[in-house]
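What follows is a set of notes on a single structure, which appears directly below.
Number of protein chains: 2
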Amino acid sequence: MDRPNPDHLTGTAGDVLGAYLRSQATAFLRALRLYEDSGAHGANGPDAPEGHDATRSLRGAARRIASSLATFRPVTETSWADALRTELVWLSSTLADEHAYGTRLTRLIDALHRLAGTPAPGLPAPRGGGSSLTVGSARAGALLERQLTLARTRAHTASLQALGSSRFHAVADAVAVLASEVPLDAVAAAGRVGDVLVPLSAVAEDRLTAAVADLPLSRASHPYNADALVADAHQDAPWHDVRRLLRVHRYAQEALGADVARLEAAGEALDRHRDAAEAAAASATAARTPRIAPATAYALGVLHADQRHEVEAARFAFHHIWLRTPVAAALPS
Amino acid sequence: MDRPNPDHLTGTAGDVLGAYLRSQATAFLRALRLYEDSGAHGANGPDAPEGHDATRSLRGAARRIASSLATFRPVTETSWADALRTELVWLSSTLADEHAYGTRLTRLIDALHRLAGTPAPGLPAPRGGGSSLTVGSARAGALLERQLTLARTRAHTASLQALGSSRFHAVADAVAVLASEVPLDAVAAAGRVGDVLVPLSAVAEDRLTAAVADLPLSRASHPYNADALVADAHQDAPWHDVRRLLRVHRYAQEALGADVARLEAAGEALDRHRDAAEAAAASATAARTPRIAPATAYALGVLHADQRHEVEAARFAFHHIWLRTPVAAALPS
Numbered sequence: 001m002d003r004p005n006p007d008h009l010t011g012t013a014g015d016v017l018g019a020y021l022r023s024q025a026t027a028f029l030r031a032l033r034l035y036e037d038s039g040a041h042g043a044n045g046p047d048a049p050e051g052h053d054a055t056r057s058l059r060g061a062a063r064r065i066a067s068s069l070a071t072f073r074p075v076t077e078t079s080w081a082d083a084l085r086t087e088l089v090w091l092s093s094t095l096a097d098e099h100a101y102g103t104r105l106t107r108l109i110d111a112l113h114r115l116a117g118t119p120a121p122g123l124p125a126p127r128g129g130g131s132s133l134t135v136g137s138a139r140a141g142a143l144l145e146r147q148l149t150l151a152r153t154r155a156h157t158a159s160l161q162a163l164g165s166s167r168f169h170a171v172a173d174a175v176a177v178l179a180s181e182v183p184l185d186a187v188a189a190a191g192r193v194g195d196v197l198v199p200l201s202a203v204a205e206d207r208l209t210a211a212v213a214d215l216p217l218s219r220a221s222h223p224y225n226a227d228a229l230v231a232d233a234h235q236d237a238p239w240h241d242v243r244r245l246l247r248v249h250r251y252a253q254e255a256l257g258a259d260v261a262r263l264e265a266a267g268e269a270l271d272r273h274r275d276a277a278e279a280a281a282a283s284a285t286a287a288r289t290p291r292i293a294p295a296t297a298y299a300l301g302v303l304h305a306d307q308r309h310e311v312e313a314a315r316f317a318f319h320h321i322w323l324r325t326p327v328a329a330a331l332p333s
Numbered sequence: 001m002d003r004p005n006p007d008h009l010t011g012t013a014g015d016v017l018g019a020y021l022r023s024q025a026t027a028f029l030r031a032l033r034l035y036e037d038s039g040a041h042g043a044n045g046p047d048a049p050e051g052h053d054a055t056r057s058l059r060g061a062a063r064r065i066a067s068s069l070a071t072f073r074p075v076t077e078t079s080w081a082d083a084l085r086t087e088l089v090w091l092s093s094t095l096a097d098e099h100a101y102g103t104r105l106t107r108l109i110d111a112l113h114r115l116a117g118t119p120a121p122g123l124p125a126p127r128g129g130g131s132s133l134t135v136g137s138a139r140a141g142a143l144l145e146r147q148l149t150l151a152r153t154r155a156h157t158a159s160l161q162a163l164g165s166s167r168f169h170a171v172a173d174a175v176a177v178l179a180s181e182v183p184l185d186a187v188a189a190a191g192r193v194g195d196v197l198v199p200l201s202a203v204a205e206d207r208l209t210a211a212v213a214d215l216p217l218s219r220a221s222h223p224y225n226a227d228a229l230v231a232d233a234h235q236d237a238p239w240h241d242v243r244r245l246l247r248v249h250r251y252a253q254e255a256l257g258a259d260v261a262r263l264e265a266a267g268e269a270l271d272r273h274r275d276a277a278e279a280a281a282a283s284a285t286a287a288r289t290p291r292i293a294p295a296t297a298y299a300l301g302v303l304h305a306d307q308r309h310e311v312e313a314a315r316f317a318f319h320h321i322w323l324r325t326p327v328a329a330a331l332p333s
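As given, the protein sequences belong to chains A and B, one line each in that order. If you number the first sequence the way the UniProt record's numbering does, the last residue is 333 and the count never jumps. If you number the second sequence the way the UniProt record's numbering does, the last residue is 333 and the count never jumps.
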């Protein structure tokens, strides 16, 4: 499933990598134009949906280009590639913050409503009704909204400044070059895909495999093991590492034209793992706000534990996707 | 597996039921003697372990006798059986409270230590150490200890009073009668086991089957469905009902000499369900104590959610035991 598409293996390494980088550069420039047309860089503020979609596409293309330049570095003109990669990493991480705070707030407010048995605003009411939010949950929601909206507004300002900076314009110019002509290493680029790109992508895959081997996957395979709730500041790090290495591997496979559906599904489980872990941390942080009521702190404690269980659920899901265990088939309906 | 042992099916209903009731009555009297010898009714207080074991055996025998007198009521001398049953239910529920408060406290303190990554007192430290309890967890533990120890002391006093009462002595006298001669209905007792006891036990089984059919088992089969955390005061009741009906069915099968290993395992899952639900409720109650610190309330919120996840885990376990799904075999090691 993850094997490179044989159609590509007959071209040169330069043909295949060049085509991928050009398509991603084009996607980057298209997203940039969409962003400028959306007016999101002006008065519409952080909630303009077109601006959201545009910056998301921009980040996706930036990550793919940066990742490919790293994985297939020897095939590129390395000093140029290294410089562009550094700038793209800066750009995508700057743009990511605003989106992250927004999804974190949505996740936490949704969880508060789910825990209370009430629909989140805008969703239909569940059959049989449900209790309304308790005073504690409502206050916890208001506190999280205040703290995360503030963080998100700051991140939005940082995004706007980044996208209006001369540093960004230089990145956009470099990507425009990439869209027409990819600076490659003449010798390496002339090699065959199977001799040049495949071994380089195998390095990325080996790093991923080694990191996955260090995960406590057997433990994660037992539902309700309650590991994720144990206070341990370091337990998430290996999973976050695998998430990053999996993305690098996925983009390399994408460049080689392979089917990445399973890698995508595994990546989504680890995205959920990361999102839930950060939401749990935000809840714990909010609980340390001075002078909050005990009922608010209690609701934040429940919310924290709920999100840590989402962390555990994401590990369980990743385990099944990774080892191709048919969860649904194993369980009676 | 749950079918009656064919060896018994050849005797009369009176022989089989009489033998079971006599053996349980003997167990009751033996436990009572142990209790009196342990001195638990005197100065040793609620922590004397022999007294614990004795009252546990006393409760087990009382429940079995009461349950059999209900299931097989037409085979007994009903007015005598109904009176004894009422008294045995009073006795076993009175004795159960002290034990319940004790195990609830142990469960909650163990959970606080598990969540903190520290061993509970008396257990070896985990490899790699672990953080000590936070101030909030320590205070939450102290609060729960205060509240549940008070409740347990009251329950212990109630137990002592019950076991010293003339009402109890009358129960013990009736059980002593049962140990030598079981008052039976002459006609029904002369019938064959297959004609009399098996149809009566089938009624108990049918009640259980109908109650299990009403459980959201398909939902429970999906790990991490997060249902148990939703605030809904009524969601546990059907599971508690099944727990009681399962026990009645198990004792009836025991009387018929059937293998009850699977019923026992399913019952243990539902005991865990009940214990976790009550521990979660105790944590929520403690959080409503006036003037507690926010950190204490936060720790109680985490603890509440942790125990509600134990509730969900117990439902998942029950589902697999009940439908004989090989959980371990379905999951890669």
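Each residue gets a CB set at the ideal place from its N, CA and C atoms; glycine is no exception. Remember, predicted model here, so these are calculated numbers, not experimental data.
Who are the Cβ neighbours of residue i in its own chain at under 7 Å, not counting the five residues just before and after it?
{"i": "B/L108", "result": "L144, A279, A282, S283 and L303"}
{"i": "A/L246", "result": "L208, L263, A266, G267 and L270"}
{"i": "B/R274", "result": "H240 and R243"}
{"i": "B/I321", "result": "R262, A265, A266 and A269"}
{"i": "B/A172", "result": "L32"}
{"i": "A/W80", "result": "P183"}
{"i": "A/F168", "result": "L91 and A162"}
{"i": "B/T10", "result": "none"}
{"i": "B/G129", "result": "Annotation note: pLDDT 41 at B/G129 (below 50); position unreliable, coordinate value reported separately. Closer than 7 Å at Cβ, skipping near neighbours: no residue."}
Are the CB atoms of residue j and residue i within a distance shorter than 8 Å?
{"i": "A/A176", "j": "A/L29", "result": "yes"}
{"i": "A/Y35", "j": "A/S68", "result": "no"}
{"i": "B/A204", "j": "B/T86", "result": "no"}
{"i": "A/H309", "j": "A/L215", "result": "no"}
{"i": "A/A12", "j": "A/A252", "result": "One detail in the question is off: residue 12 of chain A reads as Thr in this sequence, not Ala. It is not a contact, given that the beta carbons lie outside the stated cut-off."}
{"i": "B/G18", "j": "B/V182", "result": "yes"}
{"i": "A/A62", "j": "A/Y101", "result": "no"}
{"i": "B/D236", "j": "B/E77", "result": "no"}
{"i": "B/L178", "j": "B/R73", "result": "no"}
{"i": "B/P294", "j": "A/P294", "result": "yes"}
{"i": "A/T118", "j": "A/S159", "result": "no"}
For residue i, is the classification buried or exposed, using 16 other Cβ atoms within 10 angstroms of its Cβ as the cut-off for buried?
{"i": "B/L323", "result": "exposed"}
{"i": "A/G141", "result": "buried"}
{"i": "A/Q161", "result": "exposed"}
{"i": "B/G164", "result": "exposed"}
{"i": "B/G39", "result": "exposed"}
{"i": "B/H234", "result": "exposed"}
{"i": "A/T55", "result": "buried"}
{"i": "A/V311", "result": "buried"}
{"i": "A/R291", "result": "exposed"}
{"i": "B/R146", "result": "exposed"}
Report, in whole angstroms, the separation of the C-beta atoms of residue i and residue j, which I expect to be a contact under 8 Å.
{"i": "B/R250", "j": "B/V260", "result": "5 Å"}
{"i": "A/D206", "j": "A/R219", "result": "A/D206 to A/R219, Cβ: 24 Å. No contact."}
{"i": "A/A116", "j": "B/A231", "result": "5 Å"}
{"i": "B/A66", "j": "B/L88", "result": "4 Å"}
{"i": "B/Y224", "j": "A/G301", "result": "Not a contact, Cβ separation roughly 19 Å."}
{"i": "B/H319", "j": "B/L217", "result": "5 Å"}
{"i": "A/G136", "j": "A/T296", "result": "5 Å"}
{"i": "B/A305", "j": "A/A305", "result": "3 Å"}
Residues in its own chain within less than 6 Å of residue i by CB, not counting five upstream and five downstream?
{"i": "B/W84", "result": "Here residue 84 of chain B is Leu; the residue named in the question, Trp, does not match the sequence. So the list reads A174, once near-sequence residues are dropped."}
{"i": "A/R315", "result": "A220"}
{"i": "A/L105", "result": "L148"}
{"i": "A/A27", "result": "A61"}
{"i": "B/S92", "result": "R59, A62 and R63"}
{"i": "A/G14", "result": "L184 and A189"}
Please go through the same chain and pick out, in chain order, the residues whose beta-carbon is closer than 8 Å to the beta-carbon of residue i, but skip the five residues on each side of it.
{"i": "A/Q307", "result": "R107, L108, A111, A276, A277, A279, A280 and S283"}
{"i": "A/A96", "result": "R59"}
According to a CB-to-CB cut-off of less than 7 Å, which residues of the region 95-117 of chain A neighbour chain B?
-> Look at the region 95-117 of chain A: the residues with a C-beta under 7 Å from a C-beta of chain B are R114, L115, A116 and G117.
Name the residues in the region 205-231 of chain A whose C-beta lies less than 8 Å from a C-beta of chain B; which are they?
-> With the criterion set as a beta carbon lying under 8 Å from some beta carbon of chain B, the members of the region 205-231 of chain A are S218, S221, H222, P223, Y224, A226, L229, V230 and A231, in sequence order.
Between the region 168-180 of chain B and chain C, which residues of the former have CB atoms less than 8 Å from a CB of the latter, in chain order?
-> Looking at the structure shown, chain C is missing, and the protein chains on hand are A and B.
Below 8 Å between beta carbons is the criterion; list the residues of the region 138-150 of chain B that meet it against any residue of chain A, in chain order.
-> From the region 138-150 of chain B, no residue has a Cβ closer than 8 Å to chain A.
Got a sec: which bits of the region 291-306 of chain A sit with their beta carbon under 9 Å from any beta carbon on chain B, in order along the chain?
-> Taken in chain order, the members of the region 291-306 of chain A whose beta-carbon sits within less than 9 Å of a beta-carbon on chain B are R291, I292, A293, P294, A295, T296, A297, Y298, A299, L300, G301, V302, L303, H304, A305 and D306.
Going along the chain, which residues of the region 260-291 of chain A sit with their C-beta nearer than 7 Å to a C-beta in chain B?
-> Correct list: A287.
Can you give me, in chain order, the residues of the region 236-255 of chain A that have a beta carbon less than 8 Å from any beta carbon in chain B?
-> From the region 236-255 of chain A, no residue has a Cβ closer than 8 Å to chain B.
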